[in-house]
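**Student:** The numbering of the sequence shown is the working numbering, which starts it at 8 and goes up by one. Note that beta-carbon positions come from the ideal geometry of N, C-alpha and C, so glycine has one too. Computed from a predicted structure; not experimentally measured. This is the structure, below, for whatever I ask next.
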Amino acid sequence: MTPAWRNALRCHRPLLAAAAFYCVAVMGEAVYAGAQTADFVTLLRYVVMSFTTVGIFVAGMYAGAGAAFLLTAPKGTAWQRLDVAIKKYLKGERFASMCIGFVVLATGNFFLLSKSLIASINPLTRSGWDIDFAAWDKWLHFGSYPHQYIIPLVNRLNLGLFLDRAYYGWLVVMTLVAWYCIFADTRVHRHLRFLWVYFLSWALLGTLAATVFNSAGPVFYATFFKAAGNPYEFITVNMRGLHQESALFADTARRLLLRWHENSTLFDPNAISAMPSMHIALCWLFPSWRSAC
8 MTPAWRNALR CHRPLLAAAA FYCVAVMGEA VYAGAQTADF VTLLRYVVMS
58 FTTVGIFVAG MYAGAGAAFL LTAPKGTAWQ RLDVAIKKYL KGERFASMCI
108 GFVVLATGNF FLLSKSLIAS INPLTRSGWD IDFAAWDKWL HFGSYPHQYI
158 IPLVNRLNLG LFLDRAYYGW LVVMTLVAWY CIFADTRVHR HLRFLWVYFL
208 SWALLGTLAA TVFNSAGPVF YATFFKAAGN PYEFITVNMR GLHQESALFA
258 DTARRLLLRW HENSTLFDPN AISAMPSMHI ALCWLFPSWR SAC
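Written as structure tokens, this is what we have:
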């Protein structure tokens, strides 16, 4: 093992241990929820598919970088210089940190498994957090719900379709920031800080807090709490109306999540979970990480 790899492993060892513990804990949670061999096979297929997709992307990225190097390097020495640069990169700590960081980010597959298990560990009808959240929502906004202020304004400005598309742009931003941290960021301290906070956000907020405070959110409120009425009916009616005019990603996702929730498969690529919001958590993370020294 080269000195670069030894140093990278030393810096990342606590993070790797935490990630391994998280994966084992989620697998134990799956066993507790009654997972069968077929469920673990489904998970394995998903992990293999994820790694294959990412592997193709990484190979293409490095191939593009190599092609750009050859096009810009002086003629006659391009291949020699590329060979030297590749050997130097592979022996350096930056490549070692990239490989380890990629392993840490791969634990995201286990986040999706843990999210699918929430309904078995702490069913929505038993937790009932949505009813309390709805009451607090109304109290915090002076006797009205926030959507009663926001939706009329959005419709008046004709921003429904734009906001629907922009919402899912978060996935692109999250992916680009994570990849930048792994492949491009040269500050080891900031690299480690990002990986720690990113991993803990998914493990503590996306898994632990989401299980304890299991809730369906406004869109699914009437589905799981029919007896409590539906203070968010205006949202669902407005969403369906917009969906009829032009297909909304949000409405398609709503129907897909509900179908996954109702099927008999223990592990699905995603599940209904509204609290806490990982969108908000990571939006706080990105600018604070970038400005860190």
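Please go through the segment 210-293 and give each complete alpha helix (DSSP H) segment of 4 or more residues, from N-terminal end onward.
**Tutor:** If we require 4 residues or more, the alpha helix (DSSP H) runs fully inside the segment 210-293 come out as 228-231, 240-252 and 256-269.
**Student:** Name the residue from Ala45, Leu112 and Ala11 whose alpha carbon lies nearest to the alpha carbon of Val61.
**Tutor:** Residue Leu112 is the option with its Cα nearest to Val61.
**Student:** Using alpha carbons as the reference points, say which of Ala74, Lys94 and Lys95 lies closest to Ala85.
**Tutor:** Comparing Cα positions, the closest option is Ala74.
**Student:** Would the segment 41-58 count as touching the segment 234-249 if we require 3 or more Cβ pairs under 8 angstroms?
**Tutor:** They do not touch, by the three-pair rule.
**Student:** What distance in whole Å lies between the Cβ atoms of Ala223 and Ala281, which are believed to be in contact at a cut-off of 8 angstroms?
**Tutor:** Between Ala223 and Ala281 the Cβ distance is about 6 angstroms, and since that is below 8 angstroms, they are a contact.
**Student:** Taking the straight line between their C-alpha atoms, what separation do you get for Leu16 and Tyr29?
**Tutor:** Cα to Cα, Leu16 sits roughly 18 angstroms from Tyr29.
**Student:** In this structure, does DSSP put Asn116 in helix, strand or coil?
**Tutor:** Correct three-state label for Asn116: helix.
**Student:** Can you tell me which of Tyr205, Phe190 and Arg163 puts its alpha carbon nearest to the alpha carbon of Ser104?
**Tutor:** Considering only alpha carbons, the answer is Phe190.
**Student:** Take Ala72 as the anchor and find which of Ala92, Pro81 and Tyr53 has the nearest alpha-carbon.
**Tutor:** The option with the nearest alpha carbon to Ala72 is Ala92.
**Student:** Measuring CB to CB, does Val184 end up less than 9 angstroms from Phe117?
**Tutor:** Result no, Cβ atoms of Val184 and Phe117 do not sit closer than 9 angstroms.
**Student:** What residue does the alpha helix (DSSP H) around Ser57 start on, and which one ends it?
**Tutor:** That run of the alpha helix (DSSP H) goes Thr44 to Thr79.
**Student:** Quick one: what does DSSP say Gly167 is sitting in, helix, strand or coil?
**Tutor:** Three-state result, Gly167: helix.
**Student:** Going by DSSP in three states, Arg197 sits in which element: helix, strand or coil?
**Tutor:** It is helical.
**Student:** Which residue marks the beginning of the alpha helix (DSSP H) containing Asp192, and which one marks its end?
**Tutor:** Careful: Asp192 lies outside any alpha helix (DSSP H) and carries neither H nor E.
**Student:** Determine the closest residue to Val68 out of His154, Tyr187 and Arg133, with distance taken between C-alpha atoms.
**Tutor:** At residue 68 the sequence reads Met, which differs from the Val that was named. Closest option to Met68, Cα to Cα, is Tyr187.
**Student:** Between the segment 195-208 and the segment 248-265, are three or more C-beta pairs nearer than 8 angstroms?
**Tutor:** No, the segment 195-208 is not in contact with the segment 248-265.
**Student:** Let me know if Gly83 comes out buried or exposed under the rule of 16 or more other beta-carbons within 10 Å of its beta-carbon.
**Tutor:** So Gly83 ends up on the exposed side.
**Student:** As a quick exercise: from Phe231, Cys290 and Leu292, pick the residue whose alpha carbon is nearest that of His268.
**Tutor:** Nearest C-alpha to His268: Phe231.
**Student:** Short of 6 angstroms in beta carbon distance, which residues of its chain neighbour Met246, apart from the five on each side in sequence? Order them along the chain.
**Tutor:** Asp258.
**Student:** If the criterion is Cβ atoms closer than 9 angstroms, does the pair Leu160 and Leu255 meet it?
**Tutor:** Not a contact, by the Cβ cut-off of 9 angstroms.
**Student:** Compare the C-beta of Leu77 against all C-beta atoms of chain D and say whether one is closer than 9 angstroms.
**Tutor:** In summary, chain D is missing from the structure at hand, where a single protein chain is found.
**Student:** Is the separation between the beta-carbon of Ser123 and that of Asp275 shorter than 9 angstroms?
**Tutor:** Cβ distance < 9 angstroms, so Ser123 and Asp275 count as in contact.
**Student:** Note down, in chain order, each residue of its chain lying with its Cβ closer than 6 angstroms to the Cβ of Met285, except the 5 sequence neighbours on either side.
**Tutor:** Gly213, listed in sequence order.
**Student:** Under a Cβ-count criterion, where at least 16 other Cβ atoms within 10 Å of its own Cβ denotes burial, should Gly108 be classed as buried or exposed?
**Tutor:** Looking at its Cβ environment, which holds 16 or more other Cβ atoms inside 10 Å, Gly108 is buried.
**Student:** Inspect the beta-carbon positions of Ala141 and Tyr152 and report whether they are closer than 9 angstroms.
**Tutor:** Yes, the Cβ-Cβ distance between Ala141 and Tyr152 is below 9 angstroms.
**Student:** Please identify the residue among Leu77, Val110, Leu119 and Val38 whose C-alpha is closest to the C-alpha of Tyr53.
**Tutor:** Tyr53 has its Cα closest to that of Leu119, out of Leu77, Val110, Leu119 and Val38.
**Student:** Is Ser208 helix, strand or coil by DSSP?
**Tutor:** Note: Ser208 maps to helix in three-state DSSP.
**Student:** Should Thr49 be labelled buried (16 or more other beta-carbon atoms within 10 Å of its own) or exposed?
**Tutor:** Counting Cβ neighbours within 10 Å, Thr49 comes out buried, since at least 16 surround it.
**Student:** If Phe220 and Trp136 are in contact, beta carbons under 8 angstroms, what's the gap, nearest whole angstrom?
**Tutor:** Contact holds; Cβ gap of about 5 angstroms.
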